[in-house]
Amino acid sequence: MPTSAAALVVEGVARTFDTPAGPSSVLRNVSFEAWSGDTIAIIGPSGSGKSTLLNIIGSLERPTAGRVRLGDVDVTSLTGRALANFRARQVGFVFQDHHLLPQLTAVENVLLPAMAIGATRKAQFRARDLLEAVGVAERADAFPARMSGGERQRVAAARALINGAGLLLCDEPTGNLDRESGGNLVDMLIALAQREGVIVLMVTHNEEQAARFDRCLLLRDGEVAAHTPSASPGVGS
Ligand SMILES: Nc1ncnc2c1ncn2[C@@H]1O[C@H](COP(=O)(O)OP(=O)(O)O)[C@@H](O)[C@H]1O
Ligand SMILES: [Mg+2]
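Just so we're aligned, residue 2 is where the sequence shown starts under the numbering used here, counting upward by one.
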């Protein structure tokens, strides 16, 4: 495979839901590519399929048509043990809610996914290293209840990457944060993409945040309505 091959390829992805009112076509034909270290903001009206797209890319849902490839893995055709393995190691999620366990400290929360696949001593070092990378090293032994919202989301990002995922999928991670903490989280995610070489896809309603990413995908009517350098949202062809 040529080294220039895109790390993430989303090709003609469609998703139709069966509803009492008949089939509802949420995603019709979504295609884009991304490379290691790329940061992409996904914007679009509420209900435009942003979460559905992220879930399909992260193997939590299956598309009705099209496919997703990460490296040489066809994500959309994975089943059974290969699918579980992919979810545990190749992809990390950060949601609007942090989903940290309240009875575990920050570093213990980060280590949880590593324990699920048999944590080694190396994971302990990586957990501390990741907490430093996301800017909360000094909070490693704090419980979530004693952290700010921004700190919790940083811990959630560290947890998402503990097993070496190449893809970080963030679904409105700044939705519960004030403007300053939200902006800081975005800056951190972009720095993390560089440091770890991961692809970061982030859904946001915040145009100011979206403009900080390498690229911006606008979803509308089930398609990518604009795919622009984020410096000039809305100006793409
Ligand atoms: N499992 C499902 N069954 C039926 N409809 C769904 C399901 N999941 C999402 N939808 C519908 O698909 C549309 C897109 O949802 P979503 O991807 O959550 O949009 P967004 O994240 O852009 O707000 C919405 O109209 C939603 O109601
Ligand atoms: Mg959503």
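We treat Cβ as the ideally placed atom computed from N, Cα and C, and that holds for glycine.
Keep in mind the model is a prediction, meaning the values are calculated, not measured.
query, result
"Going along the chain, which unbroken runs of the alpha helix (DSSP H) with 4 or more residues stay wholly within the region 20–58?", "51–58"
"Looking at the unbroken beta strand (DSSP E) that takes in Val94, where does it start and where does it end?", "Correcting the residue identity first, residue 94 is Phe in this sequence and not Val. Here the beta strand (DSSP E) through Phe94 covers 92–95."
"According to the neighbour-count rule (16 or more other Cβ atoms, all chains shown, within 10 Å of its Cβ), is Thr4 buried or exposed?", "Because the pLDDT at Thr4 is just 47, under 50, the model does not fix this residue reliably, and the value given afterwards should be weighed accordingly. Burial call: exposed."
"Ordered along the chain, which non-local residues of its own chain (more than five positions away) have a Cβ less than 6 Å from that of Gly184?", "none"
"The beta strand (DSSP E) with Val108 in it runs from where to where?", "Here Val108 belongs to no beta strand (DSSP E); instead the alpha helix (DSSP H) covers 107–117."
"How many whole angstroms separate the CB atoms of Met189 and Val135, which I take to be in contact at a CB cut-off of 8 Å?", "6 Å"
"Just confirm the distance between the C-beta atoms of Gly59 and Gly223, as a whole number of angstroms; I'd bet it's less than 8 Å.", "Contact doesn't hold; Cβ gap of about 19 Å is too wide."
"Please confirm if the region 57–77 is in contact with the region 113–132, defined as three or more CB-CB distances below 8 Å between the two stretches.", "no"
"With a threshold of 7 Å, establish whether the CB of Ser25 neighbours any heavy atom of ligand 1.", "yes"
"CB-CB under 6 Å to Gly176, same chain, minus the five flanking residues each way: which ones, in chain order?", "Gln97"
"Using three-state DSSP, classify Leu220 as helix, strand or coil.", "strand"
"Name the DSSP bridge partner or partners of Asp75?", "Arg70"
"Could you tell me how far apart the beta carbons of Val95 and Phe87 are, in whole angstroms, since I believe they sit closer than 8 Å?", "Incorrect: roughly 18 Å between the Cβ atoms, too far for contact."
"Rank Arg153, Gln195, Leu113 by C-alpha distance to the C-alpha of Asn164 and give the top, closest one.", "Leu113"
"Any idea what DSSP makes of Val11, helix, strand or coil?", "strand"
"When DSSP labels each residue in this structure, what does Asp130 get in the three-state scheme?", "helix"
"Give the C-beta separation of Arg54 and Leu79 to the nearest angstrom, bearing in mind that I take them to be a contact with Cβ-Cβ under 8 Å.", "One detail in the question is off: residue 54 reads as Leu in this sequence, not Arg. Incorrect: roughly 17 Å between the Cβ atoms, too far for contact."
"Go to Met189, then tell me how far its beta strand (DSSP E) extends in each direction, as first and last residue.", "Where Met189 is concerned, there is no enclosing beta strand (DSSP E), although the alpha helix (DSSP H) it sits in stretches over 180–197."
"Please identify the residue among Thr20, Leu162, Glu209, Leu178 whose C-alpha is closest to the C-alpha of Glu152.", "Leu178"
"Mind checking whether Ala42 and Ala211 have CB atoms under 8 Å apart?", "yes"
"Using beta-carbon positions only, say whether Leu186 and Arg155 come within less than 8 Å of one another.", "yes"
"Counting along the chain, where does the beta strand (DSSP E) carrying Val204 start and finish?", "200–204"
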